[in-house]
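Participant: There's a structure below that I have some questions on.
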Ligand code: C5P
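In this note's numbering, the protein residues as written are 30 to 279.
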């Protein structure tokens, strides 16, 4: 599939995409991924990290296990939520799913960019139609950080192309590997929000991640937020690990 030719070149989205204010302080730039099988384990970490961490990501593992009550428990603790369900379906199903999840009033959520132009335009239209405070910022997942480049000679072309499609369709921003941040900003500018997962410190195990980068790589490349899971959740001292990441984002 040639995704470049799907980009509606020359079209501009009718109005600014809905989404949260971009972070200004280092602490606001960290999103901790709560990849746990139960709410009890997730909330134990949240309570342990206390004021240190503002944003949390709830992904498929935890949401499928605990659903909306877990989202409400986090919101009740004053936390900001990134609900990472990576929607990828036909346009009608994606827009209906977004309408349902908008009731949870999360700050950010994800759709897969390869779902295609019609699906992206449909979800962007739903987000624009929602009352302020209910529309999450829609992030287009470009390439998963666990995947190698399809063309090693041109390692970020696919990410840059998918990001162009997402922006042209009116999405709030992108999910992309940290090493793609600089090429993405160079190609598409500072308008859309950029969130980088696959963050590792030099001493961390890469595990299943391929396209990794440090917090500094992401920040210097122009990322607004970074997502950090295991380097914090599996650290001997998660609070110290979170503080170290935040210091690197300053
Ligand atoms: O533990 P780790 O820091 O590798 O976790 C990364 C988190 O970011 C996981 O929750 C994963 O689902 C998510 N993610 C990713 N790559 C993407 C999109 C999301 O690793 N492209």
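Glycine included, every Cβ here is placed at the ideal spot set by N, Cα and C.
How is the beta strand (DSSP E) around residue 180 delimited, first residue to last?
Facilitator: Within the chain shown, the letter at position 151 stands for residue 180. Counted as a single uninterrupted DSSP element, the stretch harbouring residue 180 is not any beta strand (DSSP E), since DSSP gives it neither H nor E.
Participant: Using the C-alpha atoms, what's the distance from residue 203 back to residue 100?
Facilitator: On the chain shown, residue 100 is found 71 positions in, with the first residue counted as 1. On the chain shown, residue 203 is found 174 positions in, with the first residue counted as 1. Rounded to whole angstroms, residue 100 to residue 203 spans 22 Å at the Cα level.
Participant: Out of 147, 262, 57, 198, which one is the CA nearest neighbour of residue 121?
Facilitator: For the purposes of this step, residue 121 is identified with residue 92 of the chain shown, where counting begins at 1. That would be 147, whose Cα lies nearest to the Cα of residue 121.
Participant: Counting C-beta neighbours from all protein chains within 10 Å, is the total for residue 107 16 or more, i.e. buried, or is it exposed?
Facilitator: In the chain shown, counting from the first residue as 1, residue 107 sits at position 78. Burial call: exposed.
Participant: Does the beta-carbon of residue 93 have 16 or more other beta-carbons within 10 angstroms, so that it is buried, or is it exposed?
Facilitator: On the chain shown, position 64 is the one that residue 93 refers to. By the 10 Å Cβ count, residue 93 comes out exposed.
Participant: So is residue 44 buried or exposed if we call it buried at 16+ other beta carbons inside 10 Å?
Facilitator: Position 15 of the chain shown, counted from the first residue, corresponds to residue 44. When all chains shown are included, residue 44 counts as exposed.
Participant: Measuring alpha carbon to alpha carbon, tell me which of 124, 257, 96, 174 ends up nearest residue 67.
Facilitator: As a working mapping, residue 67 is identified with position 38 in the chain shown. With distances taken between Cα atoms, residue 67 lies closest to 96.
Participant: Do the stretch 158-165 and the stretch 178-193 make contact, defined as three or more Cβ pairs closer than 8 Å?
Facilitator: no
Participant: So does the stretch 67-77 actually touch the stretch 50-59, counting three or more Cβ pairs closer than 8 Å?
Facilitator: no
Participant: Hey, residue 174 and residue 206: beta-carbon distance below 8 Å or not?
Facilitator: Here the question's residue 174 lines up with position 145 in the chain shown. Here the question's residue 206 lines up with position 177 in the chain shown. Yes; because the gap between Cβ atoms is below 8 Å, this pair is in contact.
Participant: Looking at residue 149: is its Cβ nearer than 8 Å to the Cβ of residue 155?
Facilitator: Taking the chain shown and counting its residues from 1, one reaches residue 149 at position 120. Taking the chain shown and counting its residues from 1, one reaches residue 155 at position 126. With a cutoff of 8 Å on beta-carbon distance, residue 149 and residue 155 are scored as not near each other.
Participant: Report the option in 63, 59, 239 whose CA atom is closest to the CA atom of residue 259.
Facilitator: Your numbering for residue 259 matches position 230 in the chain shown. Selected option, being the one with the closest Cα: 63.
Participant: Which term fits residue 89, buried or exposed, when burial requires 16 or more other beta carbons within 10 angstroms of its beta carbon?
Facilitator: Translated into the one-based positions of the chain shown, residue 89 becomes position 60. Exposed.
Participant: Can you give me the C-alpha to C-alpha distance between residue 217 and residue 251, rounded to a whole angstrom?
Facilitator: By one-based count along the chain shown, residue 217 stands at place 188. By one-based count along the chain shown, residue 251 stands at place 222. The straight-line gap from Cα to Cα measures roughly 12 Å.
Participant: Please give the ranges of any alpha helix (DSSP H) in the stretch 129-185, keeping only runs that are unbroken, at least 4 residues long and fully inside the region.
Facilitator: 146-158
Participant: DSSP three-state label for residue 60, please.
Facilitator: Indexing the chain shown from 1 puts residue 60 at position 31. Residue 60: strand per DSSP, three-state reduction.
Participant: How is the alpha helix (DSSP H) around residue 259 delimited, first residue to last?
Facilitator: Stepping through the chain shown from its first residue, residue 259 is reached at position 230. Segment 259-262, the alpha helix (DSSP H) holding residue 259.
Participant: Can you name the residues that DSSP bridges to residue 225?
Facilitator: Within the chain shown, the letter at position 196 stands for residue 225. The partner list for residue 225 (beta bridge, DSSP) reads 255.
Participant: Once DSSP output is grouped into helix, strand and coil, what is the label at residue 230?
Facilitator: On the chain shown, residue 230 is found 201 positions in, with the first residue counted as 1. Three-state result, residue 230: coil.
Participant: Buried or exposed for residue 263, please, with buried defined as at least 16 other CB atoms from any protein chain shown within 10 angstroms of its CB.
Facilitator: Walking along the chain shown from the start, residue 263 turns up at place 234. Flag for residue 263 reads exposed.
Participant: Are the beta-carbon atoms belonging to residue 191 and residue 153 less than 8 Å from one another?
Facilitator: Numbered from its first residue, the chain shown carries residue 191 at position 162. Numbered from its first residue, the chain shown carries residue 153 at position 124. For residue 191 and residue 153, no; Cβs fall outside 8 Å.
Participant: Can you have a look at residue 38 and say buried or exposed, based on whether 16 or more other CB atoms are within 10 angstroms of its CB?
Facilitator: Locating residue 38 in the chain shown gives position 9, counting from the first residue. In this predicted model, residue 38 has a pLDDT of only 46, less than 50, meaning its place in the structure is not dependable enough to derive any value.
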